[in-house]
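In UniProt numbering, the protein residues as written are 1 to 343.
Following this line, the structure appears as structure tokens:
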């Protein structure tokens, strides 16, 4: 085959000429249209690959007024909960014929704003978003809202958001975790919280306080350590906590990574878990099962939340009036009891 200048983009007309087919047949074959028989589809797709054809999805989306692309903004893909949610989103989106483009905010508002602008410019059909830990003003999402482009928040969501949200029952999760520690005999319970600019950590803290109140244990603000819930931040908070004059006998951490960091620092100081300090995490990460002792934690169904988020967004994109869409969907949570809280 004659080599082409790389500056000349291959079009469907080039493929059509090479195979003596019409451009419309090539176009349908490249889109896996069932009207085109399998043999022709394979020939067209093989020729497209050989010739280096790259579809112009921007032009295609302008013609069809749909890109079949969904934007997804998450704080960090390395977070276990987010990685499982992304798996649910990806698998479910594929069933509906959508592709996912993922952007990480890295827990910064500036990057989140940039990603929102980028996805709006790319004319995505809809946007799924998990806000950063520090986002308090959500005006940068207005281009989607004002132009009626479907937008769904999940996990971390704006307070009093009038749109669509998918969350776990974080208040109940915080309550169950703290109540379990109390039932195991703990009376001085510390809490590792994420930044309280975020609704999710506000709710988990509120559940923690409610459990203390139910069992007539005074709330002690000095036992609440607010940080970014990374391993390094957790170890630093643990050093501060374990260097104090009085040890806690229980810890409820707003994520598993911080709970693991505490267990590691306690072990370094020869403080026994659970004999001296009992620990509960949140998310049921893989780390919670392999750390020793195994970590009691709260399961919040990341994969299923991802599935529900994409299902809701696709219904909004398709304007599926036959399906009832729950505006604020809340997943139940479950306490998983393991060795870190045994008596």
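Just so it is clear, CB atoms sit at the ideal spot from N, CA and C, and this is done for glycine as well.
Within its own chain, the residues whose Cβ lies closer than 7 Å to the Cβ of residue 23, once the five positions on either side in sequence are excluded, are 12, 13 and 16, listed in chain order. At least 8 Å separates the beta-carbon of residue 229 from that of residue 341. Distance from residue 25 to residue 10 at the Cβ level is roughly 16 Å; contact not present, criterion being Cβ atoms closer than 8 Å. Taking 8 Å as the cut-off, the Cβ atoms of residue 282 and residue 296 do not count as close. Judged by beta-carbon spacing, residue 153 lies within the 8 Å limit of residue 165, meaning their Cβ atoms are closer than that value. Distance between residue 311 and residue 28, taken at the CA atoms: about 27 Å.
For residue 192, the uninterrupted beta strand (DSSP E) run begins and ends at 189 to 193, by DSSP. Annotation: the stretch 154 to 222 contains the following complete segments of the alpha helix (DSSP H) (minimum length 4 residues), in chain order: 170 to 183 and 199 to 214. When the Cα atoms are used, residue 304 and residue 218 turn out to be separated by approximately 36 Å. From the listed residues 280, 157 and 73, the smallest Cα separation to residue 328 is found for 157. Bounds of the alpha helix (DSSP H) holding residue 113 are 109 to 121. Linking residue 115 to residue 250 through their CA atoms gives a straight-line distance of about 40 Å.
For residue 236, the closest alpha carbon among the candidates 192, 163 and 220 is that of 192. Per DSSP, the unbroken beta strand (DSSP E) holding residue 128 starts and ends at 126 to 129.
In the displayed model, residue 332 falls within coil according to three-state DSSP, outside both helix and strand. Cβ neighbours of residue 100 within its own chain (closer than 7 Å, five residues either side excluded): 70, 72, 89, 90 and 93.
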